[in-house]
Ligand SMILES: Cc1cc2nc3c(=O)[nH]c(=O)nc-3n(C[C@H](O)[C@H](O)[C@H](O)COP(=O)(O)OP(=O)(O)OC[C@H]3O[C@@H](n4cnc5c(N)ncnc54)[C@H](O)[C@@H]3O)c2cc1C
C-alpha cells in the first residue's frame, strides 16, 4: 500500500459495499451509464488515473491535453458539489487501481470501456490485474447511445454487428432512450485518500485551456439545438457557417453524454410546432449522432480495424507510404484551396469542418494514393477530439475499404467541391491568407471551379502554390489500380 494511503480515513458504513469509479473519457456525473452501474454496487469513490499511455497520447496533441485538463477541473468541481473529492493519481492503471481500491476498502472498480484496439487491450489488461488481486472489475458501455451488445444483425453472427450504416440507423432508432436521465442517482464519497494535483496544460506544452466541462458542453448543446439545428440540413454542409454543433470534443471526452444529445434532439423532433424542414434538419443531426455510434460499434466488433481494412478483400491493397506532395498535404500547401483551407483550419483551431475533412482525406488517399493510416495519424497530432475509433472508421470509409463499401470509392473533386460548398470563397479566404484578397465574384467562375488548369492563373499568386497534382489524371489512375486489384482479389477468392 502507498504510504499516502496507509491510514484510510473513512471505513465503509456497516453493510455498505464500496466501489471505486474510474473516470476515463466520461468526465461528467450526469446521464452516466458507468456511474449508474457503480451506484448500483454501493457507495462510490471517484478516481481519475493519468496512466503513461494516456499521458503519452495527450502529449501528442497539446490542444487535446488542454481540453482534458479543463474537463477534469470541471469534473473535480462537480464532484465537490456532490460532497466528495475526485482523487487524481498518476501511474500504471492496473497497479494504481489496485492500490486505491484496497486503501478505500472497495470491493472492485467500475469504468466505461474504450473502443479502439489499444483501449480494448488496456481494458483487458487492467481487468486481469484487478481480478488477480481479488477485486471485481466492471466494464460498462457509456460512450455510445446504444450498446453494441444490444444492436446486432438478425441474420449474421452475433459478434459481427452491422457493416452498413443504413440498416444500422434504422435498427438504432428503435432502441433510443426516451424520458428523462434515469442514470444519475447515487452516492459519491470522500474516503480521505490523498490526491495528486490535477494535470495542467503546461505539462503537455499548451499555454491555455479552453473552457470545457459538463456545464459548457450542455450550454453548447442547447444553444445549438435551439438556434442552429433547425437549419442543420443545409448549414452543416457549408464550412464558412457555424452550422454544426462543434460537440465532437465534448462527446469524445464525455463532458456530455451522447444520450443527452439524442434525448434533447428527440424532444424537439416531437414538438408539434416544429416546421417540417426544421424537423428534417433535426433528423439529420440525429443521423450524425448515429454515425458516431456506428463507428464505435464497428471498432468494438472488429478491433483489428485499427490497422486493417474492415473489408477483408482490401487488406493487401498497396497504399503508398509516401508521395512527393505528401509534405504539401500535411502543411496545407497542395494548391487546392479547399484542401489547404481545411488543413490550415485544423492547425489553427484543432478542428476541421466535417465536409472538408472528407475532401482533404479523399485527396490524400486518391490523388496522392497515400495510406489512410498515415493521414489519420497526422491529423491526430492536431485534433482536440479524442476518438481514435471514430477517426479510424471515417478514414476507412473515405478510403473505400471500411463500412458501406461500394464498387468504387467516392473520389471527391476538390475544385468542384470548393465551388459547391464554398461558392463565395469565404471559408478559403478565412484560412488561406495568400488568397484572402481574391475578390468574392471570382470564386464563382464556373470554368475555374471545374477545371483546375483554367483555375491556375486565377488562383496563381506568387505565395500560393500551383496544384501539386492533376486531379483528373490522378483519380483515373487510382481507379484503374483499384479496379485491377479488386477484380484480382475477387478472382483469388473465387478460386479458393
Ligand atoms: C476523414 C475524417 C476523419 C474524422 N476524424 C474524426 C475524429 O478523429 N474524431 C471524431 O470524433 N470525429 C471524426 N470525424 C467525424 C466528424 O467529422 C467530427 O466528429 C466533427 O468534428 C464533427 O463536428 P461537429 O461536432 O460540429 O459535428 P455535427 O455535424 O454537429 O455532428 C454531431 C456529432 O455527431 C458525430 N458525428 C458527426 N459526423 C460523424 C462521423 N462522420 N463519424 C462519426 N461521428 C460523427 C460527432 O460526435 C459530432 O460531434 C472524422 C470525419 C472524417 C471524414
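Residue numbers (the numbering used here): 1 to 496. Glycine included, C-beta positions come from ideal geometry on N, C-alpha and C. Nothing here was measured: the structure is a model prediction, and the numbers come from that model.
Any non-hydrogen atom of ligand 1 closer than 7 Å to residue i Cβ
i           : result
residue 354 : yes
residue 299 : no
residue 244 : yes
residue 329 : no
residue 283 : no
residue 358 : yes
residue 222 : no
residue 361 : yes
residue 162 : no
residue 395 : yes
residue 237 : no
residue 351 : yes
residue 227 : no
residue 391 : yes
residue 295 : yes
residue 85  : no
residue 398 : yes
residue 125 : no
residue 288 : yes
residue 292 : yes
residue 35  : no
residue 248 : yes
residue 326 : no
residue 338 : no
residue 252 : yes
Start-to-end residues for the beta strand (DSSP E) that takes in residue i
i           : result
residue 89  : 87 to 90
residue 45  : 43 to 50
residue 137 : 136 to 140
residue 20  : 18 to 23
residue 111 : 108 to 112
Boundaries (first-last residue) of the alpha helix (DSSP H) holding residue i
i           : result
residue 477 : 471 to 495
residue 395 : 388 to 399
residue 100 : 93 to 104
residue 246 : Residue 246 -> no alpha helix (DSSP H), and no H or E assigned at all.
residue 119 : 117 to 132
residue 260 : 258 to 269
residue 69  : 62 to 81
residue 213 : Where residue 213 is concerned, there is no enclosing alpha helix (DSSP H), given that its DSSP letter is neither H nor E.
residue 424 : From DSSP, residue 424 is part of no alpha helix (DSSP H); its letter is neither H nor E.
residue 300 : 276 to 301
residue 380 : 372 to 380
Residue i Cβ short of 7 Å to ligand 3 heavy atom set
i           : result
residue 387 : Questions concerning ligand 3 fall outside what the structure shown contains, since the ligands it does hold are ligand 1.
Cβ-Cβ separation, residue j to residue i (assumed contact under 8 Å), whole Å
i           : j           : result
residue 199 : residue 72  : 7 Å
residue 123 : residue 139 : 6 Å
residue 321 : residue 250 : Residue 321 to residue 250, Cβ: 34 Å. No contact.
residue 44  : residue 188 : 5 Å
residue 86  : residue 76  : 4 Å
residue 471 : residue 414 : 6 Å
residue 70  : residue 212 : 4 Å
residue 107 : residue 17  : 6 Å
Residues near residue i by beta carbon distance below 8 Å, same chain, minus five either side
i           : result
residue 497 : Lying before the first or after the last residue shown, residue 497 is absent from the chain, which here runs from 1 to 496.
residue 378 : 330
residue 98  : 129, 130, 133 and 135
residue 216 : 74, 250 and 255
residue 465 : 328, 333, 334 and 335
residue 284 : 232, 233 and 236
residue 533 : Any answer about residue 533 is impossible in this case: the structure gives the chain only from 1 up to 496.
residue 79  : 29, 46, 85, 86 and 188
Cutoff 7 Å; reference residue i; Cβ partners in own chain excluding five residues on either side
i           : result
residue 150 : 175
residue 386 : 25, 64, 252 and 253
residue 299 : 115, 116, 305, 389, 392 and 393
residue 268 : 225, 274 and 282
residue 369 : 319, 320, 323 and 478
residue 453 : Note that residue 453 has pLDDT 42, beneath the 50 cutoff, so the model's placement of it is unreliable and no number is given.
Beta-carbon contacts of residue i that lie in its chain and below 6 Å, excluding the five residues immediately before and after
i           : result
residue 241 : 235
residue 286 : 265
residue 482 : none
residue 314 : 401
residue 488 : none
residue 345 : 352 and 431
residue 409 : 400
residue 62  : 204, 205 and 206
residue 60  : 381
Touching by the beta-carbon criterion (3+ pairs, under 8 Å), the region 359 to 366 and the region 326 to 343: yes
Inter-stretch contact (C-beta, 8 Å, three-pair minimum) for the region 254 to 264 and the region 301 to 312: no
Three CB pairs or more closer than 8 Å across the region 100 to 118 and the region 385 to 398: yes
At least 3 beta-carbon pairs within less than 8 Å: the region 221 to 237 vs the region 142 to 149: no
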